[in-house]
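Report on one structure; see the data block that follows.
Protein chains: 2
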Amino acid sequence: MIYAISDLEQLSGIRSHTIRVWEQRYNALCPTRSQGNTRLYDDKQLRRLLNIVSLNKSGLKISKLCRLSDEAIDKLLDQQFSYPADDEQADYYVSQLIRHGLAFDEYAFNHLIDQGIDQLGLSDCYRKIMYPLLVRLGLMWRKDDICPAHEHFLSNIIRQKIFTHINNLPSTRHSGKSWLLFLPEDEDHDIGLLFASYMLRMHHHQVIFLGSKVPLDSIKRIFSTLNVGHVLLFMIKSRLAAEAQKYIDQLSEICSSTKIHLAGNSQVIGKLNRIDHINWIKTLDEFEKIIHYPVLHERNF
Amino acid sequence: MIYAISDLEQLSGIRSHTIRVWEQRYNALCPTRSQGNTRLYDDKQLRRLLNIVSLNKSGLKISKLCRLSDEAIDKLLDQQFSYPADDEQADYYVSQLIRHGLAFDEYAFNHLIDQGIDQLGLSDCYRKIMYPLLVRLGLMWRKDDICPAHEHFLSNIIRQKIFTHINNLPSTRHSGKSWLLFLPEDEDHDIGLLFASYMLRMHHHQVIFLGSKVPLDSIKRIFSTLNVGHVLLFMIKSRLAAEAQKYIDQLSEICSSTKIHLAGNSQVIGKLNRIDHINWIKTLDEFEKIIHYPVLHERNF
DNA sequence: AGATTTTATTAGATATATTTAAACAAAAAT
DNA sequence: ATTTTTGTTTAAATATATCTAATAAAATCT
């Protein structure tokens, strides 16, 4: 895949001017060039930029980061994410599952993840195994230890598990207000949203699950006909603060009489203005509380 | 959503030159313009273009089509797709399911689709109900009768059903060569691929399901480590013949020693050159035959 | 075969995106 | 308080995409 500098801007949330200045001052990235001198980036460079941005946000100086080799950056990433294993068993599961995933050994992966679900229940299995697994996969992609095919393979099996458990929940007719779940058009990873759907259904809430890539226009259109009580969406990708703000402002206008719950990238959400009326979900526990006592979290008009 | 003329080119497979000429001669589309005169299209115009292209391919003259009003085009589309109902029962299912879907009535939708699966089995239910339902949804989107949210809502429930049935198949360890299933990076609709995965698994084939948006690079990378016997992919979107050709040529090179099965948009696939070594799957029945007698379809070296 | 329709190619003009380089402003560190 | 680091703004030049318009080529129809 080939990226223009404007693509990197979208994907990293760093302005193209800044990307150029980092290159000029510190040789942050070394893009190839087109016939007439336009910068062209590949996946490796994209990963490097995302890593630099991520490490920078955790306090390291940009001038130092940019001068580092890819290997040195990998090392820093390892340090960052090497929390002491507070749950050895879960850690073992994650390692083994990844091992099976890298070999595309669905039989072994399936067997192990089913065992985890049996043992912990889907809810705790997601918290302790699946979610950490996905985080680790993301990290491994950034370190170029796996390719997208691995990530697709694994996340589709996890998707399969959650879908199956949703399907096995007793189907009931609801009368109350429903939860509308979706991701913005530029977001891809719907597993978190799918798990939220499972949790809500577990606690007898009505859910309308739309998944990823829903245009805002479409949300607007259905909002006139539907009795929606809560909106839940994720913003996971890094993006320009201005774009995130614009999106949230538009959404707020559409859903002016509905409680909006927002989860995802704290770097992005933290910078948003005028979101007093939006409930920023920072942890899974917080989300569980809302599910259990939704009334406490209703908006006061 | 706002599209540039190059986006329309990608999405419709019609060169931008031609789009302009159609506008100039027949007023095919009436884009708004930017400050400095660049054409800007919206979803409605995109749908109109896709409808014109589709009707053109079925024999109608471009000069006549372009002059028609949106309503007249809708009428032609209706005629095109109004086959006499050869299966009244299935037709009833589809209508009712769409009715429930438009109301986001998951309970009713679920109840009815489960009934269909019980009655026909998943395989026949897909052929007679789910697939026709998805086709009709696509048509309704093109006529602006539904918005993407409806399509997302319905297809996620169908996805849930197929995933559940895959999950409930007995898990077995395979030793033979496996089927690698994926969609190109610009393809979204993975339900057909998911159903193919179900069919293959039903007949005890080993499947590696990667789903949508897999970069070709990634396929290349895993191909060196894996024992893949068959590759199956869909090309559903309209696209420029040259781009499709380029993609297939690259894929052929990567999978030079593997049987490639290709399904999807016959307008696109039909125009490809040098695909003697690729098995073009034109119908579901053809696919079933391959599943039952894979040896007959092996490549001879 | 000849006429008609449709698509592709060309060319010069204009719009938009990117490039370089320097100066500036804000934030962080000393 | 001063220096260093960092990100933004400005400017003019160049590259790329799009625009119009006319012509050539190909496909289709009669």
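Here the protein sequences line up with chains A and B, keeping their order.
Per numbering that gives the first Met the number 0, the very first residue in the first sequence carries number 0; after that it's consecutive.
Per numbering that gives the first Met the number 0, the very first residue in the second sequence carries number 0; after that it's consecutive.
No residue lacks a Cβ here, since even glycine has one placed at the ideal position from N, Cα and C.
It should be emphasised that the depicted structure is a prediction, and the values quoted were computed from it without experimental measurement.
Beta-carbon proximity of residue i to residue j, cut-off 9 Å
{"i": "V213(A)", "j": "H188(B)", "result": "no"}
{"i": "D143(B)", "j": "K43(B)", "result": "yes"}
{"i": "L199(A)", "j": "F233(A)", "result": "no"}
{"i": "L28(A)", "j": "L48(A)", "result": "yes"}
{"i": "A241(A)", "j": "V267(A)", "result": "no"}
{"i": "F222(B)", "j": "H260(B)", "result": "no"}
{"i": "N36(B)", "j": "D73(B)", "result": "no"}
{"i": "L96(B)", "j": "L153(B)", "result": "yes"}
{"i": "H202(B)", "j": "H173(B)", "result": "no"}
{"i": "R32(A)", "j": "C65(A)", "result": "no"}
{"i": "I277(A)", "j": "L283(A)", "result": "no"}
{"i": "A84(A)", "j": "D77(A)", "result": "no"}
{"i": "L39(A)", "j": "Y2(A)", "result": "yes"}
{"i": "L168(A)", "j": "L180(A)", "result": "no"}
{"i": "H164(A)", "j": "I116(A)", "result": "yes"}
{"i": "A262(A)", "j": "K281(A)", "result": "yes"}
Integer-rounded CB distance, given that residue j should sit under 8 Å from residue i
{"i": "P131(A)", "j": "V93(A)", "result": "5 Å"}
{"i": "I145(B)", "j": "L136(B)", "result": "7 Å"}
{"i": "Y197(B)", "j": "I161(B)", "result": "6 Å"}
{"i": "G12(A)", "j": "R238(A)", "result": "5 Å"}
{"i": "S15(A)", "j": "E8(A)", "result": "5 Å"}
{"i": "G228(A)", "j": "T257(A)", "result": "7 Å"}
{"i": "R46(B)", "j": "R126(B)", "result": "The pair is not a contact, with the Cβ atoms about 27 Å apart (cut-off 8 Å)."}
{"i": "I218(B)", "j": "I253(B)", "result": "6 Å"}
{"i": "F103(B)", "j": "I207(A)", "result": "5 Å"}
{"i": "L138(B)", "j": "F194(B)", "result": "That belief does not hold up - the Cβ atoms of L138(B) and F194(B) are roughly 19 Å apart, past 8 Å."}
{"i": "N226(B)", "j": "S170(B)", "result": "About 19 Å separates the two Cβ atoms, so there is no contact after all."}
{"i": "L75(A)", "j": "L101(A)", "result": "Actually they do not touch by this definition, with Cβ atoms about 23 Å apart."}
{"i": "L215(B)", "j": "Q249(B)", "result": "6 Å"}
Simplified DSSP state of residue i, which is helix, strand or coil
{"i": "L295(A)", "result": "Per-residue confidence for L295(A) stands at a pLDDT of 49, beneath the threshold of 50, marking its modelled position as unreliable; the derived number appears in the next sentence. Note: L295(A) maps to helix in three-state DSSP."}
{"i": "H173(B)", "result": "coil"}
{"i": "G269(B)", "result": "coil"}
{"i": "H99(B)", "result": "helix"}
{"i": "D284(B)", "result": "helix"}
{"i": "A240(B)", "result": "helix"}
{"i": "N264(A)", "result": "coil"}
{"i": "N36(B)", "result": "coil"}
{"i": "Y276(A)", "result": "Looking at the sequence shown, residue 276(A) is not Tyr but His. The answer is coil: DSSP assigns H276(A) none of H, G, I, E or B."}
{"i": "M234(B)", "result": "strand"}
{"i": "F300(A)", "result": "Residue placement at F300(A) is poorly supported in this model, since its pLDDT is 32, which falls under 50; the coordinates still yield a value, given next. Three-state DSSP puts F300(A) in coil, outside helix and strand."}
{"i": "G115(B)", "result": "helix"}
{"i": "I145(B)", "result": "coil"}
{"i": "I259(B)", "result": "strand"}
{"i": "G12(A)", "result": "coil"}
{"i": "Y2(A)", "result": "strand"}
- Message: Please list, in chain order, the residues of the segment 197-209 of chain B that have any C-beta partner in chain A closer than 7 Å.
- Response: I207, F208 and L209
- Message: Closer than 7 Å between beta carbons: that is the criterion. Which residues of the segment 25-47 of chain A meet it against chain B?
- Response: Hits within the stretch: zero.
- Item | Members of the segment 141-154 of chain B near chain A, C-beta cut-off 7 Å | C146, P147, A148, H151 and F152
- Message: Quick check for students: name the residue ranges of the beta strand (DSSP E) that lie wholly in the segment 170-223 of chain A, counting only runs of 3 or more.
- Response: 177-181 and 205-210
- Item | Complete runs of the alpha helix (DSSP H) confined to the segment 38-102 of chain A [at least 4 residues] | 42-56, 61-66, 69-80 and 87-101
- Item | Residues from the segment 218-237 of chain A in contact with chain B, defined by Cβ distance under 8 Å | I218, R220, I221 and L225
- Query: Listed from N- to C-terminal order along the chain, which residues in the segment 114-132 of chain B have their beta-carbon within a distance smaller than 7 Å of any beta-carbon of chain A?
  - Reply: Identification of residues in the segment 114-132 of chain B having a C-beta nearer than 7 Å to some C-beta of chain A yields an empty set.
- Query: Name the residues in the segment 258-290 of chain B whose C-beta lies less than 7 Å from a C-beta of chain A; which are they?
  - Reply: none
- Interfacial residues, the segment 185-197 of chain A to chain B, with Cβ spacing under 8 Å: Against chain B - using a Cβ distance shorter than 8 Å - the residues of the segment 185-197 of chain A are D187.
- In the segment 74-99 of chain A, which residues sit with their C-beta less than 9 Å from some C-beta in chain B, listed in chain order? Those residues of the segment 74-99 of chain A that come within reach of chain B (Cβ to Cβ, closer than 9 Å) do not exist; the list is empty.
- Query: Listed from N- to C-terminal order along the chain, which residues in the segment 162-175 of chain B have their beta-carbon within a distance smaller than 8 Å of any beta-carbon of chain A?
  - Reply: F162, T163, I165, N166, N167, S170, T171, R172 and H173
- Taking Cβ-Cβ distances below 9 Å as the criterion, which residues of the segment 9-22 of chain A are in contact with chain B? none
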